[in-house]
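*Asks:*
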Amino acid sequence: MKVLGIETSCDETGVAVYDTDTGLRAHGLYSQIALHAEYGGVVPELASRDHVRKLLPLIRQTLVDAGMTIDELDGVAYTAGPGLVGALLVGAGVARAVAWALDLPAVAVHHMEGHLLAPLMEDDPLGRPEPPFVALLVSGGHTQLIHVEAIGRYKLLGETLDDAAGEAFDKTAKLMGLPYPGGPQLAALAEQGRPGAFRFARPMTDRPGLDFSFSGLKTQVLLAWQGSDQSEATRADIARGFEDAVVDTLAIKCQRALDEAGCDTLVVAGGVGANKRLRAKLQEMAARRGGRVSFPRPAFCTDNGAMIAYAGALRLQAGQHVDESVRVTPRWDMATLEAV
Ligand code: KG4
Ligand code: ZN
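Mapping of the sequence shown onto the numbering used here: position 27 corresponds to residue 228, and the numbering continues sequentially without gaps.
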């Protein structure tokens, strides 16, 4: 089954074709980062308009890259939420229209389920991770630990009470004067910083539970930065201290979640999953426990169409699809999804 995947929940237009027999055929991404940079964050209306401009050309190009014509498709998958309502409606409208014109089934995909299943798309020498496992979802909007009992059966174990991990990276970068979007730049800067030169708290690790809180960390960084000489070297040292604090906190909670759920497999997804130090730390933790950890390739940690094509393909294969109305769900609890 060849499925067209469309992602437009925020500031990336993502398109892909996933073939359930041969794997990923092609994927294309258009990032709106430059468009929103001068505003220091995503402007929803500009995002919607740019999806309108970019989506159809990207679908045409992705089909060319896949060596296919549009009538070879067997289904269409699109992100229906969570996300920006206008941006979501562009993807949903185009997806429903393509499906209607070609008389194909269409399926509404939960953006975070797309992230969560992305690691399962990769070739892994140990084979594809099979549920039950624990998933750490760490993006700009979410920080969640989820017990994946089966594909589509998700139990929330813990989540952030304030800022998401990616949001903390972005805000911390901004307060030290790094340009938007700061997360990846802060991580790059941290590579040059000295470990231990600045030490910040590992929030909420001193008490039981699987929830997170990252907003206080940002304030600690602000105070350290304001009281420092504000040199390049100091900025790198603080970035390193901040990154270590976030990475340690996530690793401690992952270990607890695995113990609590009685699992030995961890799956990590979302933009912060591209962070090198987080990947290394979780690998180390998994090796120590005799378990395993799976990540998508860094390009599929951040938003992309491939994960939507893949998640949609699993649901379409199971016979699930939506009716002909164009509907999006900007706020959508993953626990309400249907099992596959
Ligand atoms: O999953 P994603 O592309 O979009 C959302 O659904 O939010 O995640 C984007 C987030 C941003 O906050 C970005 O700063 C963060 O992921 N991010 C990183 C890295 N690459 C992206 N954070 C830390 N280290 C990175 N290498
Ligand atoms: Zn995302």
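Built from N, CA and C at the ideal position, the CB exists for glycine as well.
These numbers were taken from a predicted model, which means no experiment stands behind them.
Span of the alpha helix (DSSP H) holding residue 423?
*Replies:* Segment 416-427, the alpha helix (DSSP H) holding residue 423.
*Asks:* Give a yes or no on contact between the segment 404-420 and the segment 449-457, applying the rule of three or more CB pairs nearer than 8 Å.
*Replies:* Yes, the segment 404-420 is in contact with the segment 449-457.
*Asks:* Grab me the residues of residue 538's own chain with a C-beta within less than 7 Å of its C-beta, minus the 5 sequence neighbours each way, in chain order.
*Replies:* Cβ within range, chain order: 311, 314, 353, 355.
*Asks:* Counting only the same chain and skipping the five closest in sequence on each side, list residues whose C-beta sits under 6 Å from that of residue 299.
*Replies:* The residues are 277.
*Asks:* Using the rule of at least 16 other Cβ atoms within 10 Å of the residue's Cβ for burial, across every protein chain shown, is residue 495 buried or exposed?
*Replies:* By the 10 Å Cβ count, residue 495 comes out buried.
*Asks:* Do residue 465 and residue 490 have their beta-carbon atoms positioned less than 8 Å apart in this structure?
*Replies:* A contact, by the Cβ cut-off of 8 Å.
*Asks:* Using 8 Å as the threshold, is the C-beta distance between residue 399 and residue 384 below it?
*Replies:* Not closer than 8 Å, so no.
*Asks:* So, for residue 483: in the same chain, excluding its five sequence neighbours on each side, which residues have a beta-carbon less than 7 Å away from its beta-carbon?
*Replies:* If we look at residue 483 and ignore the five residues flanking it on each side, its Cβ neighbours are 452, 455, 467, 469, 494.
*Asks:* Quick check on the burial criterion: 16 or more other C-beta atoms within 10 angstroms. Buried or exposed for residue 404?
*Replies:* It counts as buried.
*Asks:* Please determine if the segment 233-240 and the segment 260-269 are in contact, where contact requires at least 3 C-beta pairs separated by less than 8 Å.
*Replies:* As far as the Cβ criterion goes, the segment 233-240 does not touch the segment 260-269, which means the pair count is below three.
*Asks:* Pop quiz: residue 444 and residue 391 are said to be a contact at Cβ under 8 Å. What is the actual Cβ separation, rounded to whole angstroms?
*Replies:* Yes, they are in contact, since the Cβ atoms of residue 444 and residue 391 sit about 4 Å apart, within 8 Å.
*Asks:* In or out: residue 270 buried (at least 16 other Cβ within 10 Å) or exposed?
*Replies:* With fewer than 16 Cβ atoms within 10 Å of its Cβ, residue 270 is classed as exposed.
*Asks:* With three or more C-beta pairs closer than 8 Å as the rule, is the segment 251-262 touching the segment 282-292?
*Replies:* The answer is yes - the segment 251-262 touches the segment 282-292, with three or more Cβ pairs under 8 Å.
*Asks:* Does any heavy atom of the ligand ZN sit closer than 7 Å to the C-beta of residue 471?
*Replies:* For the ligand ZN, at least one heavy atom lies less than 7 Å from the Cβ of residue 471.
*Asks:* Pull up the DSSP beta-bridge partners for residue 412, would you.
*Replies:* The partner list for residue 412 (beta bridge, DSSP) is empty, contrary to what the question assumes.
*Asks:* Suppose you measure from the CA of residue 379 to the CA of residue 423; what does that come to, to the nearest Å?
*Replies:* If I take the Cα positions, the gap works out to 13 Å.
*Asks:* Ignore the nearest five residues each way along the sequence and tell me which others in residue 523's own chain have a CB closer than 7 Å to its CB.
*Replies:* Here the set comprises 307, 308, 309.
*Asks:* Can the beta-carbon of residue 543 be found less than 8 Å from the beta-carbon of residue 349?
*Replies:* Lying outside 202 to 541, the shown extent of the chain, residue 543 is not represented and no answer is given.
*Asks:* Looking only at its own chain, which residues have a Cβ that is under 8 Å from the Cβ of residue 419, when we skip the five neighbours before and after it?
*Replies:* Closer than 8 Å at Cβ, skipping near neighbours: 364, 369, 372, 373, 376.
*Asks:* Could you pull out every residue in the same chain whose Cβ sits closer than 6 Å to the Cβ of residue 462, ignoring the five residues on either side in sequence?
*Replies:* Contacts found: 335, 348.
*Asks:* Any idea what DSSP makes of residue 537, helix, strand or coil?
*Replies:* Helix at residue 537.
*Asks:* Assuming residue 212 and residue 248 are in contact, meaning their beta carbons sit under 8 Å apart, how far apart are those beta carbons, in whole angstroms?
*Replies:* Their Cβ separation, rounded to whole angstroms, is 5 Å, which keeps residue 212 and residue 248 in contact under 8 Å.
*Asks:* Determine which residues share a DSSP beta bridge with residue 468 and list them.
*Replies:* Bridge partners of residue 468: 336, 495.
*Asks:* With DSSP run on the structure shown, which of helix, strand or coil describes residue 295?
*Replies:* In this structure, residue 295 counts as helix in the three-state DSSP scheme.
*Asks:* Work out the CA separation of residue 257 and residue 542 for me, nearest whole Å.
*Replies:* The shown model of the chain, from 202 to 541, leaves out residue 542, and the question about it has no answer.
*Asks:* Can you name, in chain order, every residue of its own chain whose Cβ lies under 6 Å from the Cβ of residue 259, other than the five neighbours on each side?
*Replies:* Taken in chain order, the residues that qualify are 214, 216, 229, 231.
*Asks:* Answer yes or no: the CB of residue 340 versus the heavy atoms of the ligand ZN, is any distance below 7 Å?
*Replies:* Yes; taking the cut-off as 7 Å, the Cβ of residue 340 has a heavy atom of the ligand ZN nearer than that.
*Asks:* Tell me whether residue 237 counts as near the ligand ZN, meaning its Cβ is closer than 7 Å to at least one heavy atom of that ligand.
*Replies:* No.
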